[in-house]
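So the structure is just underneath, and the comments pick up after that.
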Amino acid sequence: MTNSPLRGAIEALLFVATDPVSIDDLSTYLEVPKDEIEVELEAISASLKGDERGVELLKIAGGYRLYSKAQYEPYLRRFAEDSSSSKLSGAALETLAIVAYQQPISRSRVATIRGVNSDAVMRLLSVKGYIAPLGKERGPNSAQLFGTTRYFLEVMGLNSLENLPRLIEFAPPIEMAEALENTLRDEA
Amino acid sequence: MTNSPLRGAIEALLFVATDPVSIDDLSTYLEVPKDEIEVELEAISASLKGDERGVELLKIAGGYRLYSKAQYEPYLRRFAEDSSSSKLSGAALETLAIVAYQQPISRSRVATIRGVNSDAVMRLLSVKGYIAPLGKERGPNSAQLFGTTRYFLEVMGLNSLENLPRLIEFAPPIEMAEALENTLRDEA
Amino acid sequence: MSYTVKLDLYEGPIGVLLTLIQGADLDIYQLSITDLVNDFMAEIELRKRLDLEVATEFLLVAATLIEIKCRKLFPTTSLLDDGEELAFFEERDLLLARLLEAKTYRDVSSVFGTLIELGMARYRREVGFGIELAYLVPDPLSHNRADDLALAYERVMRATTPEVLSTHHVTPLPRMSVLEAREILLERLLATKDNSFEVVTSLASSKIEVVLYFLGLLELYKLGIIDAVQTELGSITIEVKGDLDQLTKATEE
Numbered sequence: 320m321t322n323s324p325l326r327g328a329i330e331a332l333l334f335v336a337t338d339p340v341s342i343d344d345l346s347t348y349l350e351v352p353k354d355e356i357e358v359e360l361e362a363i364s365a366s367l368k369g370d371e372r373g374v375e376l377l378k379i380a381g382g383y384r385l386y387s388k389a390q391y392e393p394y395l396r397r398f399a400e401d402s403s404s405s406k407l408s409g410a411a412l413e414t415l416a417i418v419a420y421q422q423p424i425s426r427s428r429v430a431t432i433r434g435v436n437s438d439a440v441m442r443l444l445s446v447k448g449y450i451a452p453l454g455k456e457r458g459p460n461s462a463q464l465f466g467t468t469r470y471f472l473e474v475m476g477l478n479s480l481e482n483l484p485r486l487i488e489f490a491p492p493i494e495m496a497e498a499l500e501n502t503l504r505d506e507a
Numbered sequence: 320m321t322n323s324p325l326r327g328a329i330e331a332l333l334f335v336a337t338d339p340v341s342i343d344d345l346s347t348y349l350e351v352p353k354d355e356i357e358v359e360l361e362a363i364s365a366s367l368k369g370d371e372r373g374v375e376l377l378k379i380a381g382g383y384r385l386y387s388k389a390q391y392e393p394y395l396r397r398f399a400e401d402s403s404s405s406k407l408s409g410a411a412l413e414t415l416a417i418v419a420y421q422q423p424i425s426r427s428r429v430a431t432i433r434g435v436n437s438d439a440v441m442r443l444l445s446v447k448g449y450i451a452p453l454g455k456e457r458g459p460n461s462a463q464l465f466g467t468t469r470y471f472l473e474v475m476g477l478n479s480l481e482n483l484p485r486l487i488e489f490a491p492p493i494e495m496a497e498a499l500e501n502t503l504r505d506e507a
Numbered sequence: 061m062s063y064t065v066k067l068d069l070y071e072g073p074i075g076v077l078l079t080l081i082q083g084a085d086l087d088i089y090q091l092s093i094t095d096l097v098n099d100f101m102a103e104i105e106l107r108k109r110l111d112l113e114v115a116t117e118f119l120l121v122a123a124t125l126i127e128i129k130c131r132k133l134f135p136t137t138s139l140l141d142d143g144e145e146l147a148f149f150e151e152r153d154l155l156l157a158r159l160l161e162a163k164t165y166r167d168v169s170s171v172f173g174t175l176i177e178l179g180m181a182r183y184r185r186e187v188g189f190g191i192e193l194a195y196l197v198p199d200p201l202s203h204n205r206a207d208d209l210a211l212a213y214e215r216v217m218r219a220t221t222p223e224v225l226s227t228h229h230v231t232p233l234p235r236m237s238v239l240e241a242r243e244i245l246l247e248r249l250l251a252t253k254d255n256s257f258e259v260v261t262s263l264a265s266s267k268i269e270v271v272l273y274f275l276g277l278l279e280l281y282k283l284g285i286i287d288a289v290q291t292e293l294g295s296i297t298i299e300v301k302g303d304l305d306q307l308t309k310a311t312e313e
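Chains as they are written, first to last, in the numbering used here: chain A, 320 to 507; chain B, 320 to 507; chain C, 61 to 313.
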């Protein structure tokens, strides 16, 4: 990334990242030397100091992450308690769906299915009590396996996992549509 | 919220929101009159304009929401949580346009306009979340009626359906209409 | 994208051909619609696949050309009575309106494509309150229905496995031959003494494999390698006849 707004790129990247991002990673993704990244990170951090800014840049777990400032928590609480704003995000819902239908399942398998690192979302779902570790995979490099909790069933109003909507009801028309879509798609 | 940094609070709130937030809601959560909110929103929007910023504030689906700027997409792709970004075919886009402008509209009416059965494409658009059933037509043989979703507005970057491109500007030129008419007319 | 016409009379995009005919720059009497259609069919044969958009355009143009030619060759309106003529004009106006409407939506849809592309390039923060503020949110899941979960699952699975789904309109080739099925079957029959007819389905992982194993079983029966015995209204049992050497020889033939 030469002659282009590096600071903007870093901000954009930190904005969408779900986990702390290390300087090494930033350097790799943006193809810019680490020292340049560091300079920009400091500039961003400084620009966030003012009272008129609502987020701050924190160095956490070996990486950088944007957080909303703690001083605004009372307002965020009110916002959070409002039913319309406290839905699960699309990412969280997707991840929960994968765990629900494919349990027991490891973090890395979820990431493979979603195509993005899903550790932060998995942690969030754990904190909320929707999913929990079930035990380890067999074998030498055993990964922790996750499944949904009894609390998850309660919140969803389900008697058991067998009452999850049957996927077959959604699947066939979609495959058909997809197949047709591909047929219709111009590959020229 | 008196004597406190309103702008920071708004930024913090928009930062954690997973849906566009309306001025009404901001006014309620922050206990500040709407006009003050509006002033701050404009100030935030203006401060994000520079090239060194990676985020922008857009008025979408009746509310405000922060997005990473489109220009940084190449760097963000691997972080992005959106897994449903495959391109729509020409047929799908055409169908989507018809639903957008003619909603509420039934499947058969779409087919009449396009001149081909469009059920599979309609299903695909439903699954992608761009359109949704709105309810049934009145009358005995009531057909399901479809319309566009809030997600559609979000993806299109529109504040409301009124911001759709004006259809009249896309109507074929009068010469073409005349030429077609002449072609169809019996010239004997 | 558009189909290119290659005739003696005219060479170029088919849409332009229509414009030329309409503008009387080309003589419709000189144009052989049969040649036009034959060439198009040959082109499709060559491409091995039908692009629906190209085909639609071709059909529309070809149909319009046929209509123009028919009207030139058989002037008929004078034979219509007033009522029929009126009905004819009405039908024509409806067709005209529909063609123009469809064209309008097709043109505006290109703007949709651009907007969606831009929208997809802008990313939202999907973490929401995130882990550090998760305690603030009472119970986000309670606002979702079980169906939302199923839809989300379906969405993500489809997004990550497009290649698999795209081949659904093609009949998949069986991964093994009847011969292979026969050998697997024989191996299995020799390995276990007591064999029920269900072996045909128990070995198979798809419908097509059930058919293959069944055909394999029939061949083994035909070759005299196995026998099928059914007790009255009971299950069918498969018995292997002869010794192993013979059998291997038989299957190698």
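For every residue, glycine included, the Cβ atom is placed at its ideal position computed from N, Cα and C.
Neighbourhood of residue i by C-beta, 6 angstroms cutoff - its chain only, sequence neighbours within 5 removed
i       : result
I286(C) : L280, I298 and V300
I329(A) : E359
I81(C)  : I88
F321(C) : What is shown of chain C runs 61 to 313, which leaves residue 321(C) out entirely.
L225(C) : Because the pLDDT at L225(C) is just 37, under 50, the model does not fix this residue reliably, and the value given afterwards should be weighed accordingly. Contacts found: none.
E473(B) : I379 and A380
Residue i at chain A interface by Cβ criterion, 8 angstroms
i       : result
K378(B) : no
R185(C) : yes
Y449(B) : no
S402(B) : Only weak support exists for where S402(B) lies, its pLDDT of 48 falling under 50; the coordinates are left without a value.
E192(C) : yes
T337(B) : yes
V216(C) : yes
L77(C)  : no
L178(C) : no
Nearest candidate by alpha-carbon position, reference residue i, set the options
i       : options                               : result
V440(B) : K368(B), A462(B), A416(B) and K353(B) : A416(B)
T64(C)  : M101(C), E292(C), T174(C) and D87(C)  : M101(C)
M342(B) : K455(B), A365(B), E371(B) and L377(B) : Here residue 342(B) is Ile; the residue named in the question, Met, does not match the sequence. When only C-alpha atoms are compared, the closest one is L377(B).
E117(C) : L91(C), L78(C) and D85(C)             : L78(C)
T414(B) : Y394(B), Y449(B), L395(B) and R384(B) : Y449(B)
Y394(A) : F189(C), D85(C) and E240(C)           : F189(C)
L464(B) : R426(B), V335(B), G369(B) and E355(B) : R426(B)
A409(B) : E113(C), M180(C) and I128(C)          : Reading off the sequence shown, one finds Gly at residue 409(B), where the question assumed Ala. Closest option to G409(B), Cα to Cα, is E113(C).
G434(B) : M236(C), I93(C) and A157(C)           : A157(C)
D199(C) : T467(A), R457(A), P452(A) and M475(A) : M475(A)
E361(A) : Y348(A), D344(A) and Y383(A)          : Y383(A)
R517(A) : M217(C), L245(C) and Q90(C)           : Within the shown structure, residues of chain A are numbered from 320 to 507, placing residue 517(A) beyond reach of any answer.
Close beta carbons around residue i, own chain, < 8 angstroms, minus the five adjacent residues each side
i       : result
G373(B) : S387, K388 and Y391
I379(A) : P339
L278(C) : none
Y470(B) : G448 and Y449
D95(C)  : L67
Y420(B) : L483 and L486
Those residues which DSSP pairs with residue i across a bridge
i       : result
S425(A) : L464(A)
R384(B) : L377(B)
Cutoff 8 angstroms: residue i Cβ touching any chain B Cβ
i       : result
L67(C)  : no
S387(A) : yes
F189(C) : yes
D298(C) : Residue identity differs from the one stated: residue 298(C) is Ile in this sequence, not Asp. No, I298(C) lies away from the interface with chain B (no Cβ there is under 8 angstroms from its Cβ).
R158(C) : yes
E330(A) : yes
Close-in-space but distant-in-sequence residues of the same chain around residue i (CB under 7 angstroms, 5 per side omitted)
i       : result
L443(B) : A411
D352(A) : At residue 352(A) the sequence reads Pro, which differs from the Asp that was named. Only S346 meet the Cβ criterion.
I363(B) : R326, I329, E330 and L376
E357(B) : I342
N501(B) : none
R248(C) : V259 and L263
Beta carbon proximity, residue i to chain C, threshold 8 angstroms
i       : result
R326(A) : no
Y420(A) : yes
L483(A) : yes
K409(A) : Here the sequence assigns Gly to residue 409(A), which means Lys is not the residue at that position. Chain C, which has a Cβ nearer than 8 angstroms to the Cβ of G409(A), makes this yes.
A498(B) : yes
R396(A) : yes
L367(A) : no
R465(B) : The sequence as given places Phe at residue 465(B); Arg does not occur at that position. Not an interface residue.
M441(B) : no
Cβ-heavy atom distance, residue i to the ligand ZN, below 7 angstroms
i       : result
F465(A) : No copy of the ligand ZN appears in this structure; indeed no ligand is present at all.
Residues in the segment 199 to 213 of chain C having any Cβ partner in chain A nearer than 9 angstroms
D199, P200, L201, S202, H203, N204, R205, A206, D207, D208, L209, A210, L211, A212 and Y213
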